[in-house]
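Enquirer:
6 protein chains.
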Amino acid sequence: MDLRAATWTDVRDLETNLAVVPVGSTEQHGPHAPLGTDVLTAEAVADAALERTDREVVRAPAIPVGVAEEHRQFPGTMWVSPETFRRYVRESVESLAHHGFDRVVIVNGHGGNVDALREVGGRLTRSGEAYAVPFTWFEAVGDHGADMGHGGPLETSLLWHCAPDLVDEDGLEAASEGAADGWGEWTSGANLAYDSAEFSENGVVGDPTDGDERRGTELLELASDALGRLLEAVAERDVTRPEPR
Amino acid sequence: MDLRAATWTDVRDLETNLAVVPVGSTEQHGPHAPLGTDVLTAEAVADAALERTDREVVRAPAIPVGVAEEHRQFPGTMWVSPETFRRYVRESVESLAHHGFDRVVIVNGHGGNVDALREVGGRLTRSGEAYAVPFTWFEAVGDHGADMGHGGPLETSLLWHCAPDLVDEDGLEAASEGAADGWGEWTSGANLAYDSAEFSENGVVGDPTDGDERRGTELLELASDALGRLLEAVAERDVTRPEPR
Amino acid sequence: MDLRAATWTDVRDLETNLAVVPVGSTEQHGPHAPLGTDVLTAEAVADAALERTDREVVRAPAIPVGVAEEHRQFPGTMWVSPETFRRYVRESVESLAHHGFDRVVIVNGHGGNVDALREVGGRLTRSGEAYAVPFTWFEAVGDHGADMGHGGPLETSLLWHCAPDLVDEDGLEAASEGAADGWGEWTSGANLAYDSAEFSENGVVGDPTDGDERRGTELLELASDALGRLLEAVAERDVTRPEPR
Amino acid sequence: MDLRAATWTDVRDLETNLAVVPVGSTEQHGPHAPLGTDVLTAEAVADAALERTDREVVRAPAIPVGVAEEHRQFPGTMWVSPETFRRYVRESVESLAHHGFDRVVIVNGHGGNVDALREVGGRLTRSGEAYAVPFTWFEAVGDHGADMGHGGPLETSLLWHCAPDLVDEDGLEAASEGAADGWGEWTSGANLAYDSAEFSENGVVGDPTDGDERRGTELLELASDALGRLLEAVAERDVTRPEPR
Amino acid sequence: MDLRAATWTDVRDLETNLAVVPVGSTEQHGPHAPLGTDVLTAEAVADAALERTDREVVRAPAIPVGVAEEHRQFPGTMWVSPETFRRYVRESVESLAHHGFDRVVIVNGHGGNVDALREVGGRLTRSGEAYAVPFTWFEAVGDHGADMGHGGPLETSLLWHCAPDLVDEDGLEAASEGAADGWGEWTSGANLAYDSAEFSENGVVGDPTDGDERRGTELLELASDALGRLLEAVAERDVTRPEPR
Amino acid sequence: MDLRAATWTDVRDLETNLAVVPVGSTEQHGPHAPLGTDVLTAEAVADAALERTDREVVRAPAIPVGVAEEHRQFPGTMWVSPETFRRYVRESVESLAHHGFDRVVIVNGHGGNVDALREVGGRLTRSGEAYAVPFTWFEAVGDHGADMGHGGPLETSLLWHCAPDLVDEDGLEAASEGAADGWGEWTSGANLAYDSAEFSENGVVGDPTDGDERRGTELLELASDALGRLLEAVAERDVTRPEPR
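Chains as they are written, first to last, in the working numbering: chain Y, 1 to 245; chain E, 1 to 245; chain U, 1 to 245; chain A, 1 to 245; chain D, 1 to 245; chain H, 1 to 245.
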């Protein structure tokens, strides 16, 4: 049930403790893909999964600004500090838990949010306020995952499928040509770079022309299936904390 | 220019320092209106104003969860603490200002956010990071303002106009019957109540059946006109801080 | 019972849960009125109300520095950040509640404190630590309220009554001549100004020569009566939080 | 110049960078002395020193609630956390420094504030915002200092001199009989006690009947002389930070 | 140069801007390995690298308590919150940078610290206070990395080499038998577990008997070589932040 | 039992609630003594006391960086803010208390930590999380205490005894010649100085050549005896908080 469109009386009548909170970022995705990519894709995956499941699940509005200072050299990129992001997500989840929706999957579309969400999930879960697990869709698409990049084949494919009007075809060629091969600059297992502009001229990592609508369809199916399985697991899990040894 | 749909190269090519950030809340609006009312209406007003203006204005994604603990007794209401809300809005605006969009109108659809947004605007403006002014649409609709309430005639009218499918007609009668006459319980100029459930059985203040689509059309026109004028004023204002006396 | 003058054994013997905490500001009030105006008036109103009531009420010392950065261009104005002010007031009230004085009226003399005090009251009340309600005296003086201003007729009148030595008669003429007509600079329901120096040359809003000692006497009577009624209401109110709907 | 009684135009005309901020506590002082003792005495010492000095000195209002949780078992004791106290004092001083009053002596009447004030002074001074030095009057009264206690001979003497009406003569005998000999319970240089109720039945340390009005007169003279010398030293000191070695 | 053993005059005479800060954790490592494993190993790797390099490098004392609440069910495990850990590490590095040691490798021995250290490094680097890069030794040992676990073959091997007395041989068999195969409980790319006690009976992941002294020797060589290369890269890197696009 | 060297199974088998946490600083100690002096001495005293006591006591790793900004003009000095130090120590102690080691002596070797540790102890104790008492070794060595200084006779003596290789004999003469007589610059009981470089050219206070190995032996004996007595007192103390009066 989409909270944005439901009345409180609708919500009152639900019999579930499951919720999803889509979380993205508003940040550069190259000269061809919109700044809203990470929100759009997170919402697409969340909604597709909810369509497929028989369980009742509360669907919160998407949180649109995340941990993205790493893209600040690219115009239009928005961000908040990790600490503020953690607070905003955590308290949003706590308000859901207040109504009994205390098993929550945070459906994430942005790599830069991953660490912060894991920390939030741990704090909520250990305190007993909610059992909250982050799910990042591109970590759940099997072998495709290796091609992730940034504004690369995976995200561009999913956009072709979900929001084709938002892919700037004129920008694609430039995106492909200027794309970096990989994320970061690595020495001895350490990433020497903190800003994407250190290693990518146009903000893209991975060749977006390796994606197409068909791949997007498959990615959505894989990701939403995975999220469906996760919702089952979260619903059924014994979340009592272990006894001291 | 809607950041969600634009590429960073689109944003780079803009020549403006103006931005709007819609801000709402996901909270009960009675048995007839959706929890997303305050976001929907803030976005509707912002978008209508941007359509009418000749200026280039950056349009940020809407911030969906605000200061709404006062409605926590009603299922589905989400909220964050005022401090977290202030941080999230302030840092979001700072990230826009980083790119030169440092004259910002925060377009607000929720009464509970008003104090926090004023504080954020003051801090941003005095520090020189951005000139930020909050605008709450129902404070700019002339005589209509007196009917504001909560889930009452104004918000319901605007929904009839902008998102008629989200008004639950079955709930309207109950909404009307159970509505409180006014917001709060007052003695000596002080509101004794902190939670809306202290004075409203069903969360509604003001009779929503006093609204209709036509009134919604007028409200949108009034509010978006007002926002247009405010954008002009914000664009033209001398924002240097006064000299010490 | 005035805590400043009482011993702990005096306090121990009280049978009440009511307290008042005067809160003001040390800030410019024009060339004719003292920086301490908001503390003086808050204390005057609080003390007058306590004289009139039969109830036992604990009277805390006044908190002298508030949210007043808006006057920082005027020499001598002191302020703390809103967050620090909220913490200081909240924890002061919590310490009273620790001893059982957990129904508290915060008697305020400064407009800039209003939002912060409402937030503090909400937090204390919802957490169950104390039931705390802010009362701002010039919001409880009937039709006089429309003349409020800053260093204007109301405050000046009350000073004529309570502390006539502190009104600088030589400054009155200048105050009157340089006074602004209203607080702020408004467009579309939004205040474009954040500092009082943006719209008032000498820091005054409203003509202080419209006040006199007689008006001050009446204001004190009105305000202290109102506070007396509020204390009754606070003492008698059922403060259990509403049940979830 | 007492800020509470001055207009901003008075303050503007000052030619000084010196200020004092009295700081106390509202806390139990035995069955004979008022909860306001530490504020009263800090103000008395500050005002006496200002009377004797030829320098212009800004005199801020007294901060009435300090770090006093150690007395929380005694009714009426108020306190804030050390962190909140530090913030409130620091920002108050910063607001004075904003106007050029950036050499500040914090005149303290409460032992529990000492550590916090030293930390505040260090932070302000090292950041260059203000040169702020705390002065605790009973640390500057020569051999009398050894008798300090709490509600004991020194504070009681000073009250006899400054506010004799506030000494409860009926409570004196009980105060004397129940007084502890020393502050704390010590083993190996460590104080095992955190609350004064652990070692004092009635909250008193030191026999208050060892004090009288004459001793109070002498104490005020000693303390205000000492404060006068400190103001000289603070005014004349080179406060540039040392160069790195 | 080891700061613990150097005088400030020694440090003054250094000509370098490079520093290392070892960071570990005091937490359970199974029934056979000491709680100090992560500090010991981080220090061993740091010291071995410093021995091999020709560059002058400041060596800070090791920070012994990290982000380890995930092991709290096992007696003796110490931890601080991620936020406190980030503050402690960040400010420690800032103090080094104050003296000009502003290229810093944080040598880490604990997986639970990784996310926090990356956040700290980003903040320090983007603010320009220091260029700080975390290095986690077991991410830089080539193919061995796949065997990492917790108290498993890698850490146990390194202990056999660096601190053989601290491996409890009696506990090894139990460690081996009760060890979990992998870290966490995974569904759809999400780890459902937050505490190690959810998936490991005795706290061990990976079979420690797959390690021996020879492997430890090799690990130390691999890790310290890698750290040496990283120090070169950090010393030589252009750390000016990229220009806005 | 030293946590660094113990397994969790060792710790599980303990029957005690006593722990010690050594706390020091990494800061200049003159041209003759190492930056690590305060950690070394704190650990030496803690370990000597644990050797002498029959009680089982958990021994945490030493916290190496403390409140030492006062020495920042001297190269190599590390520090964190008082607030961060308090958080780090407090949460470290809380993690010990989580396992039942909730009577804790914080063994301190640095004067600059004293105020912060007292605040931490108060907060932990009043909240009931742990009974924590700081012990600063040089406050428990009888008449020697008067000679304390900084890098002076006491610390140097203890180093001669515990870590003679770390005393730089070549630096001793310079240390002696450039040493200040006392800590700070005092007027009217107030210390006008905030940085040690304001009153000591080489960072030393007190003549280190007044110390020798024999005095070090005696100091260690005195301090560890005192700590042993304190451990007894902490173990036996009734730590229930007093009843309200």
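Ideal placement from N, C-alpha and C gives every residue a C-beta, glycine not left out. For clarity, every value in this text was computed on a predicted model and none was experimentally measured.
(1) Within 8 Å of any Cβ in chain A, is that where the Cβ of U:T187 sits?
(2) Which runs of the alpha helix (DSSP H) at least 4 residues long sit entirely within the region 20 to 73 of chain U? Give them in chain order.
(3) Using alpha carbons as the reference points, say which of E:S95, E:E91, E:R72 and E:E56 lies closest to Y:G100.
(4) Can you tell me whether E:D13 is buried or exposed, with buried defined as 16 or more other CB within 10 angstroms of its CB?
(5) Going along the chain, which residues of its own chain have a beta-carbon closer than 7 Å to the beta-carbon of H:G112, five neighbours each way excluded?
(6) 8 Å is my cut-off, CB to CB: does H:E15 come that close to chain D?
(7) Identify the continuous beta strand (DSSP E) that holds Y:F135 and give its terminal residues.
(8) Starting from D:V104, follow the beta strand (DSSP E) in both directions and report where the run begins and ends.
(9) Would A:R90 be called buried (16 or more neighbouring beta carbons within 10 Å of its own) or exposed?
(10) How is the alpha helix (DSSP H) around E:F85 delimited, first residue to last?
(11) Tell me which same chain residues have a C-beta within less than 8 Å of the C-beta of H:G142, skipping the five on either side of it?
(12) Going straight from the alpha carbon of E:R87 to that of Y:T84, what length do you get?
(13) Between the region 144 to 152 of chain D and the region 176 to 184 of chain D, do three or more beta carbon pairs fall short of 8 Å?
(14) Check whether chain D comes within 8 Å of H:A60, counting only Cβ atoms and requiring the distance to be less than that.
(15) Using the C-alpha atoms, what's the distance from U:E139 back to E:A132?
(16) What residues of chain E sit near Y:D168, judged by a beta carbon separation below 7 Å?
(17) Are the C-beta of E:P242 and some C-beta of chain U separated by less than 8 Å?
(18) Does the region 226 to 235 of chain D come close enough to the region 52 to 60 of chain D that 3 or more CB-CB pairs lie under 8 Å?
(19) Measuring straight from C-alpha to C-alpha, what distance separates D:E201 and D:T77?
(20) Under DSSP, the alpha helix (DSSP H) around E:G122 begins and ends at which residues?
(21) What residues in the region 94 to 110 of chain A have a beta carbon less than 9 Å from any beta carbon of chain H?
(22) Candidates H:R214, H:E213, H:G184 and H:E218: which alpha carbon is nearest H:G206's?
(23) Kindly indicate which three-state DSSP category A:A174 falls into: helix, strand or coil?
(24) Where E:D170 and E:D212 are concerned, what is the direct C-alpha to C-alpha distance, given to the nearest angstrom?
(25) Give me the Cα-Cα distance between A:E155 and H:A190, rounded to the nearest whole angstrom.
(26) Using only the alpha-carbon positions, how far apart do E:D238 and E:P82 sit?
(27) Could you tell me which whole alpha helix (DSSP H) segments of length 4 or greater appear in the region 153 to 197 of chain D?
(28) Apply the 10 Å Cβ neighbour rule to H:G109 and answer buried if 16 or more other Cβ atoms are within range, or exposed otherwise.
(29) I'd like to know if Y:T26 contacts chain D, where contact means its C-beta is closer than 8 Å to some C-beta of that chain.
(30) Does the Cβ of D:D165 have 16 or more other Cβ atoms within 10 Å, making it buried, or fewer, making it exposed?
(31) Give the interface partners of H:R87 over in chain A, defined as CB-CB distance under 9 Å, in chain order.
(32) Using the Cα positions of E:L40 and Y:A44, report the straight-line distance between them to the nearest angstrom.
(33) For E:I63, which residues of its own chain have a beta-carbon under 6 Å away from its beta-carbon, when the five flanking residues on both sides are left out?
(34) Can you pull the chain E residues whose beta carbon is under 9 Å from the beta carbon of Y:P82, in chain order?
(35) With D:T209 as the anchor, note down where its alpha helix (DSSP H) starts and where it stops.
Expert: In brief:
(1) no
(2) 37 to 52
(3) E:R72
(4) exposed
(5) S25, G66, V67, A68 and E70
(6) no
(7) Y131 to T136
(8) R103 to N108
(9) buried
(10) P82 to H98
(11) L222
(12) 6 Å
(13) yes
(14) yes
(15) 28 Å
(16) T7
(17) yes
(18) yes
(19) 15 Å
(20) V114 to S127
(21) V105
(22) H:G184
(23) helix
(24) 15 Å
(25) 20 Å
(26) 30 Å
(27) 153 to 162 and 169 to 178
(28) buried
(29) no
(30) exposed
(31) The premise fails here: H:R87 is roughly 10 Å from chain A at the closest Cβ pair, so nothing lies under 9 Å.
(32) 19 Å
(33) V23
(34) The premise fails here: Y:P82 is roughly 11 Å from chain E at the closest Cβ pair, so nothing lies under 9 Å.
(35) Here D:T209 belongs to no alpha helix (DSSP H), and DSSP marks it neither H nor E.
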